[in-house]
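Down below is the structure, laid out as structure tokens.
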Amino acid sequence: MHLKDILARGFFPKELPAPFITDNFAELLTSSTIPVTGDFAKNITKKAKIPKAKLCVYTHARGGLLRRKLSICNPVLYYLLSREIESNWTSIVSVAGGSSLAATAPEQKKTGRAIDGKHSQGDRASLAIHTRIGRRFVLTTDISRFYHSIYTHSIPWALHTKPVAKASRALTLLGNKLDFLVRQGQDGQTVGIPIGPDTSLVLAELIMHQCDHALITKLPLIKGHRFIDDYELSFSTRTEAEEAFHFLETCLSDYELALNPKKTKVSELPLPLESDWSRELKKFRFRASKRSQATDLEAFFSLAFEFHRHHLDEPVLQFAIARLRSVTVDAGNWELFQRLILLCVVPEPATLPYALEQIISRVNAGAAPLKGEIQEVLNDLIENHAPLRHSSEVANSLWGCLALKLTLNDCAVVLVSSCEDSCVALLALDCQSKGLLAKPLNTSLWETQMCAEGLYDEHWLLSYEANVKGWLPSVGGVDHVSADANFGYLKANGVHFYEESLASPVIGGDVPMPTLPSILVQSSYQSI
């Protein structure tokens with residue numbers, strides 16, 4: 038395991054817009070020529086006085102009314118936690134590995150995320166084929182608010198057993214160090230771990246592997262698989278399945294976790310391996326000629342809209358738009374293609390990253406965007422979602438304006454100015470620097486974060502990055518970033534977390550693709 042990878046590819050949540058990066062942060066903290074200083078250099082001991090910080094929050098649209106509260110960890114605490122995990126990777130994997138049920142046992146990856154599950158969501162069908170053979174019933178269940186409900190003290194319980202961990206609170210125990218660093222990184226909170234960074238998958242799997250082993254000990258012939266907190270277990274009889282549910286409840290309660298009764302059921306086999314909508318959308322074929330392709334595009338979206346109407350809690354439209362990645366659009370159908378995609382965005386804002394990816398990638402290849410209509414949609418999204426503090430809708434709309442050089446209207450500017458959101462603020466400030474606003478921002482709300490305390494508060498990203506970019510002044514006129522030992526070290530060595538060149542792709546430029554949502558019937562798209 039390489040620390041540089043965890044810092045570069047495992048730090049920020051993958052759902053953030055393209056301009057947010059951690060590459061040069063990783064480069065500096067693993068440099069062989071520039072010494073690490075400040076709290077970054079401390080060993081984790083009782084006397085070390087590791088700072089306490091708050092998480093920066095980014096709320097992500099999951100579809101329908103569902104949202105996910107993602108966390109952008111303070112860089113000091115994320116580095117220290119990542120360093121401990123990397124240094125003790127062998128010991129950690131010995132505990133967070135080996136369960137026959139764990140499909141998401143943490144593994145190092147060469148591309149994508151630095152640490153990811155052994156199996157991807159796309160492997161659910163193949164796993165089900167193996168584990169359902171010879172069985173008549175399946176138990177499907179998951180854990181209520183899983184990441185939000187993890188008790189940080191259960192990390193040392195999982196690593197060392199509960200008796201050992203309770204007998205010693207010393208930071209000489211690895212589990213206690215990990216517990217301590219997680220708590221320090223979320224303002225001392227003991228309930229919940231951050232959603233978004235790769236380190237949280239490792240911590241979650243430490244706990245869930247122990248639950249798996251306890252369940253297997255009680256039921257040694259059990260078959261099935263677990264994706265993070267989402268179980269599918271196969272049995273010969275309904276009675277066995279119901280008994281397993283109660284055994285699993287007991288195993289989880291030892292770690293202060295509870296199953297979600299609303300998502301628990303016993304079903305009789307055979308069951309479909311994938312949903313009807315994903316099956317139909319996948320097999321849809323588009324003809325090449327202009328007229329035939331136009332007919333096919335209209336039919337495809339009509340089909341997707343109909344499936345969406347009947348499956349409001351599933352990512353039908355996200356999948357439908359992503360399905361078009363491989364379609365070569367006839368030049369005569371390009372305007373129709375854009376309009377059909379835009380029809381998805383306002384009714385289902387979770388499709389926005391997928392819609393922008395389709396449009397921007399093709400614009401980068403030389404196609405002309407429907408600027409007027411796209412601008413209207415993005416301004417509408419901002420006006421509707423900024424008052425609700427919906428990060429992903431507003432942030433991605435701002436990124437779309439930057440990438441396609443569109444203008445925010447007066448109303449959108451006023452509403453964005455009132456957003457207490459670091460990602461939104463930085464994207465809006467970039468829009469202003471590029472002359473894409475109908476009127477100037479009112480930055481008074483954001484300027485209150487430009488102080489020493491702001492670097493360890495929930496808006497640390499804005500407090501640091503707006504200073505580095507020269508977009509906002511420090512409170513009192515003294516450079517609060519340079520005055521801080523930790524963030525001053527980052528600034529002095531050129532670290533930035535927002536890359537302006539990635540906000541405005543150029544012709545031939547690359548656009549990161551949003552992760553394709555899971556499409557299988559038994560998947561828990563809302564699992565964490």
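Taking this note's numbering, the leading residue of the sequence shown gets 38, the next gets one more, and so forth. By construction, the Cβ of each residue, glycine as well, lies at the ideal position given by its N, Cα and C atoms. Fair warning: this is a prediction, and the values are worked out from it, not measured in the lab.
Quiz item: For V450, which residues of its own chain have a beta-carbon under 7 Å away from its beta-carbon, when the five flanking residues on both sides are left out?
Solution: L474, A475, K476, L478
Quiz item: Quick one: Cα of D521 to Cα of L499, how far?
Solution: 15 Å
Practice problem: If I'm right that D266 touches D179 with Cβ under 8 Å, what's the distance once you round it to whole angstroms? | Solution: 5 Å
Quiz item: Cβ atoms of H283 and V136: under 8 Å apart, would you say?
Solution: Here residue 136 turns out to be Ser, not Val, going by the sequence shown. No; because the gap between Cβ atoms is not below 8 Å, this pair is not in contact.
Quiz prompt | 8 Å Cβ cutoff met for V515 and V505 | solution = no
Quiz item: Quick one: Cα of K255 to Cα of S434, how far?
Solution: 51 Å
Quiz prompt | Cβ-based neighbour list, L92, same chain, cut-off 8 Å, excluding 5 preceding and 5 following | solution = S108, I109, C110, N111, G222, Q223, D224, P231, E495
Self-check item: C-beta atoms of R426 and T168 nearer than 8 Å
Solution: no
Self-check item: Touch test, the region 136–152 against the region 248–262, Cβ-Cβ under 8 Å, three pairs minimum
Solution: yes
Quiz item: Across which residues does DSSP place R567 in a beta bridge pair?
Solution: The structure shown does not extend to residue 567, since the chain is modelled only from 38 to 565, so the question has no answer here.
Practice problem: Go to E537, then tell me how far its alpha helix (DSSP H) extends in each direction, as first and last residue. | Solution: 537–540
Quiz item: From what residue to what residue does the alpha helix (DSSP H) around E343 run?
Solution: 327–347
Quiz item: According to DSSP, which residues form a beta bridge with I152?
Solution: Q145
Quiz item: Taking the alpha-carbon positions, what's the K203 to T301 distance?
Solution: 32 Å
Quiz item: Taking one C-beta from the region 364–381 and one from the region 316–330 each time, how about it: are there three or more such pairs within less than 8 Å?
Solution: yes
Quiz item: If you draw a straight line from the alpha carbon of Y493 to that of S163, how long is it in whole angstroms?
Solution: 45 Å
Quiz item: So T127 is in the alpha helix (DSSP H); what residue range does that whole segment cover?
Solution: 126–132
Quiz item: Is Y188 helix, strand or coil when you go by DSSP?
Solution: strand
Self-check item: Option in L389, E351, L238 with minimal Cα separation from I358
Solution: L389
Self-check item: Segments of 4+ residues assigned as alpha helix (DSSP H) that fall wholly inside the region 445–512
Solution: 447–454, 459–470, 481–484, 497–505
Self-check item: Contact set for C381: own chain, Cβ-Cβ below 6 Å, skip 5 residues either direction
Solution: L354, T388
Exercise. Between the Cα of L443 and those of S454, A405, S459, C456, spot the shortest distance and give me the residue it belongs to.
Key: A405
Practice problem: Would you kindly report the start and end of the unbroken alpha helix (DSSP H) that includes D516? | Solution: That residue, D516, is in no alpha helix (DSSP H); it is neither H nor E in DSSP.
Practice problem: Using only alpha-carbon positions, find the residue among A63, L308, L464 that is nearest to S119. | Solution: A63
Quiz prompt | Residues that Y268 bridges to, as DSSP identifies them | solution = T178, R263
Quiz item: Given S560, which residues of its chain have a CB within under 7 Å of its CB, disregarding the five upstream and five downstream residues?
Solution: Below a pLDDT of 50, predicted positions are generally treated as unreliable, and S560, at 33, falls in that range; the measurement from the model is reported next regardless. Here the set comprises Q158, R161.
Exercise. Determine the extent of the beta strand (DSSP E) in which K302 is found, giving its start and end residues.
Key: 302–305
Quiz item: Per DSSP, F57 is paired with what?
Solution: Y535
Quiz item: Under 8 Å between the Cβ atoms of L482 and C468?
Solution: no
Quiz item: Since F217 contacts I81 with CB under 8 Å, what's their CB separation in whole angstroms?
Solution: 7 Å
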